[in-house]
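For the sequence shown, counting from 1, position 149 maps to 187 in the working numbering; every step adds exactly one.
For glycine and all other residues, C-beta sits at the position ideal for the given N, C-alpha and C.
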Amino acid sequence: MSVLVFVDHTQGSFKKKAFETVNYAAETAKRIGGGEVVAAVLGTVSNDELNLLGQYGATQVLHLNDARFDNFNARAYSKAITAAAQQCGAKVIILSYNVSGKSVAGMVAAQMKAGLVSGAIDYPTTDNGFVVKKTVFSGKAFAFVKVTSDVKIISLVPNTFKVTKGEGSVAVAALNANLTDADFGVKKVSEDVIKGEVPLSEAELVVSGGRGLKGPENWGILEDLGKAFGATLACSRPVADAHWRPHHEHVGQTGGTIRPNLYVAVGISGAIQHLAGVNSSKTIVVINKDPEAPFFKAADYGVVGDAFEILPKLTEAVKKFKA
Ligand code: FAD
């Protein structure tokens, strides 16, 4: 029974979350009784890059080498993934629970008449049907979802598993999707590429600021802490809504979902909608001047105090520790 994994790339190169989904697909294939692990790749990617997928568990790649796929387009992507699943006869389809994965998973499910578990955090079990664990109620509880459809779709929360690299090799074949220009009705007109930082979805260390920092002019102290840690910056939604910080930094129910090893929240109250995006972080540190701030309930370490006094001291301490 083959497992299809949709593998995202950024301008022709695969990032950590891509390898994590391939690892997950390979382990899932093993647990459900073996079979091919087929990676669907859309757009311009070199053969050397495609071959890397073999080291993470893919046994075959279906590549749709068409530059129209270099820009994300939910309709075209969903149709191509469906075509790939049909071409290899996949019974399980795996995507990342990232921005593109979230947009297309439901569309693929509708096209394939398949059951979808979105935001999975463990491998499926098969002792009592095909059951997958996911978080619900903004991360406050777990649900075990039984999928009874013939084809099953899982989107995996990034940073759930450690990425492991092996030795395998992969056979590359062409994916035939028969799409027309009408499928590419949405065109990207411009793009801002964020240089230098590890993207939030892959960051292992994240330093995040909320309205408690009072205004964009005060972000320097948070950036200094971020630099000292080597962390990526994030923020609460009101901060992005007020244009203090760019929207790609906004985490929570309506922003990014992250699972870093360390999440430092500064001047953020800890509303449930914020926690929904961050409370699976492995270690949470909260700095807030209000001892009653709800975030302290979700924190592993809490500092009650004024961020403007604490951050410079913390930054110095981190620098000294790293020196
Ligand atoms: P505030 O709630 O204003 O909290 C500021 C905190 O800073 C307070 O706890 C205060 O004690 C502390 N503080 C103040 N001064 C200092 C200081 N000098 N030093 C230290 N601490 C200080 N929010 C998100 O973040 N992400 C989402 O995805 C999201 N989605 C939403 C979706 C919906 C449908 C709705 C209704 C809301 C959503 N929200 C989201 C908004 C959410 O409910 C909260 O309003 C928001 O998270 C609050 O942001 P904040 O903690 O930065 O600000």
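For L42, the closest alpha carbon among the candidates S193, K327 and K265 is that of S193. Annotation: K252 to I322 spans about 22 Å, alpha carbon to alpha carbon. In the DSSP assignment, C273 is bridged to G247 and H288. Short note on S307: C-beta closer than 8 Å to some heavy atom of the ligand FAD. Beta-bridge annotation (DSSP): A209 is paired with Q98.
Per the C-alpha coordinates, the member of I132, S51, A112 and L80 positioned closest to S40 is I132.
Counting of Cβ neighbours within 10 angstroms places A280 among the exposed residues, the total staying below 16.
The beta carbon of A211 lies closer than 8 Å to those of Q98, V99, L100 and H101 in the same chain, with the five residues before and after it left out. About 33 Å separates the beta carbons of G153 and S207, which is beyond the 8 Å limit, so they are not a contact pair. I192 is bridged by DSSP to I132 and V155.
Cβ atoms of M150 and T173 stay farther apart than 8 Å, at about 24 Å.
Closer than 8 Å to some heavy atom of the ligand FAD: that does not describe the Cβ of T173. The shortest C-alpha to C-alpha distance from G247 to any of G343, V302 and N136 is the one to V302. Going by C-alpha positions, G72 is about 45 Å away from A266.
Judged by beta-carbon spacing, G81 lies beyond the 9 Å limit of A63, meaning their Cβ atoms are not closer than that value. Taking the Cβ atoms as the reference, S141 lies roughly 11 Å from D46, outside the contact range of under 8 Å. For C126, the CB contacts under 8 Å within the same chain, skipping 5 residues up- and downstream, are S40, L42, E74, V76, Q98 and L100 in chain order. The segment 284 to 302 makes no contact with the segment 341 to 348: fewer than 3 CB pairs, one atom from each, lie closer than 8 Å. One thing to note: T295 has its Cβ within 9 Å of the Cβ of V195.
Within the DSSP bridge table, the entry for V323 names V302 and Y339 as partners. Shown here, L80 sits in a strand according to DSSP, grouped into three states. When the beta-carbon positions are compared, V224 and K190 stay at least 9 Å from each other. At a cut-off of 8 Å, the beta-carbon of F52 does not count as near the ligand FAD: no heavy atom of the ligand is closer than that.
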